[in-house]
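Input: a single structure, listed below in structure tokens.
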Amino acid sequence: MVAAPLSNEPVSIAVSGSLCSSAVPQHLNKVLTELAGNVFAALRYAGAEPHFLEASRLQLDPAGAIANVQALLILGGADADPHLYGHAEAATSLYGVNRDADHFEMELCRLARLRRIPILGICRGMQLINIAFGGDLIQDLGRDSIHYVAADNASMTEHLVRLEPDTRLRGIYGERELSVLSGHHQAVRELGRGLRVGARAPDGMIESIEADGPDWVIGVQWHPEATEASQSDRNLLFRSFVAEAMCRNTALT
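Shown next as structure tokens:
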């Protein structure tokens, strides 16, 4: 079930992403900017006020950036540095790697966990959550994967995901399969500590992770914010996220 908001006042949500990184092709930055705009609109529709953090700007202080917000959302984007999850070799298909942005967003995750505020990760954001919790990634799924996308191809694939029993995601969406849009050439391999699988694709790929406990931490590998994605399914997820932030805000005041 979606928690009922306890206040009419909008909560502040930090939204982190890299929308102007020089390491990412310009056309991909344009796509990411459009997706971010959809995220901002969905958060405002759910009753929150997003505050964007450009992760590629080195002058940002993670502690200061997250000090006065009630939730954290990490957007999709480029690949994470494989050295962060213990892989010595990097796949040749990696693109847009920005170690400073990775460290910034992982520190945001760490601080958000300490404060126990809700965390939502989309695509890269889900992968960063898993890395921050001590997990790792499959560096490249191969071009035969139904999910595959590369730096020169920002298209998405529609497919079903099966929600795992007794998960927070099942509580949000009910007992049904979701039709989602995803595009990624990497995926979660080993889960981080304290995480569980929330959903899988037909090929068994992990498509969602969440905290195995009371804290609201969810990562989705798909893009609920995509313009062509189900608006009702998008709103269910964002309303749950914002409602949890509102409950957290009320508990602190």
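Here this note's numbering = 1-based position in the sequence shown + 71. The beta-carbon is built from N, C-alpha and C at its ideal position, and this holds for glycine as well. Fair warning: this is a prediction, and the values are worked out from it, not measured in the lab.
Whether residue i touches residue j by CB criterion (8 Å)
{"i": "residue 149", "j": "residue 87", "result": "no"}
{"i": "residue 317", "j": "residue 82", "result": "yes"}
{"i": "residue 261", "j": "residue 269", "result": "no"}
{"i": "residue 134", "j": "residue 182", "result": "yes"}
{"i": "residue 303", "j": "residue 289", "result": "no"}
{"i": "residue 188", "j": "residue 141", "result": "yes"}
{"i": "residue 146", "j": "residue 107", "result": "yes"}
{"i": "residue 246", "j": "residue 233", "result": "no"}
{"i": "residue 320", "j": "residue 259", "result": "no"}
{"i": "residue 273", "j": "residue 231", "result": "yes"}
{"i": "residue 97", "j": "residue 153", "result": "no"}
{"i": "residue 156", "j": "residue 208", "result": "yes"}
{"i": "residue 99", "j": "residue 137", "result": "no"}
{"i": "residue 292", "j": "residue 255", "result": "yes"}
{"i": "residue 203", "j": "residue 177", "result": "yes"}
{"i": "residue 266", "j": "residue 294", "result": "no"}
{"i": "residue 143", "j": "residue 85", "result": "yes"}
{"i": "residue 205", "j": "residue 263", "result": "yes"}
{"i": "residue 250", "j": "residue 235", "result": "no"}
Residue i in three-state terms, based on DSSP
{"i": "residue 291", "result": "strand"}
{"i": "residue 309", "result": "helix"}
{"i": "residue 98", "result": "helix"}
{"i": "residue 228", "result": "strand"}
{"i": "residue 77", "result": "Per-residue confidence for residue 77 stands at a pLDDT of 43, beneath the threshold of 50, marking its modelled position as unreliable; the derived number appears in the next sentence. Note: residue 77 maps to coil in three-state DSSP."}
{"i": "residue 157", "result": "coil"}
{"i": "residue 318", "result": "helix"}
{"i": "residue 72", "result": "Here residue 72 scores only 44 on pLDDT, less than 50, and its place in the model should not be relied on; the value that follows carries that caveat. It is coil, neither helix nor strand."}
{"i": "residue 92", "result": "coil"}
{"i": "residue 279", "result": "strand"}
{"i": "residue 134", "result": "helix"}
{"i": "residue 105", "result": "helix"}
{"i": "residue 127", "result": "coil"}
{"i": "residue 212", "result": "coil"}
{"i": "residue 233", "result": "strand"}
{"i": "residue 304", "result": "helix"}
{"i": "residue 297", "result": "coil"}
{"i": "residue 201", "result": "helix"}
{"i": "residue 150", "result": "coil"}
Limits of the unbroken alpha helix (DSSP H) element including residue i
{"i": "residue 175", "result": "170-186"}
{"i": "residue 142", "result": "That residue, residue 142, is in no alpha helix (DSSP H); its beta strand (DSSP E) goes 142-145."}
{"i": "residue 240", "result": "239-244"}
Beta-ladder partner(s) of residue i, from DSSP
{"i": "residue 253", "result": "228"}
{"i": "residue 110", "result": "Note: residue 110 sits in no beta bridge, so no partner."}
{"i": "residue 192", "result": "145 and 290"}
{"i": "residue 258", "result": "209"}
{"i": "residue 121", "result": "84"}
{"i": "residue 248", "result": "233"}
Range of the contiguous beta strand (DSSP E) that encloses residue i
{"i": "residue 167", "result": "Taken as a continuous stretch (DSSP letters only), residue 167 belongs to no beta strand (DSSP E), as it is neither H nor E."}
{"i": "residue 271", "result": "266-271"}
CB contact below 8 Å: residue i versus chain C
{"i": "residue 284", "result": "Any reference to chain C falls outside this structure, which holds one protein chain only."}
>> For the pair the stretch 114-122 and the stretch 180-194, tell me if three or more CB-CB distances fall below 8 Å.
In response: no
> Would you call the stretch 115-131 and the stretch 305-322 touching, i.e. three or more CB-CB distances under 8 Å?
Replying inline: yes
> Is the number of C-beta pairs between the stretch 169-189 and the stretch 125-143 that are closer than 8 Å three or more?
Replying inline: yes
> Using 8 Å as the Cβ pair cut-off and three pairs as the minimum, do the stretch 159-168 and the stretch 289-299 touch?
Replying inline: no
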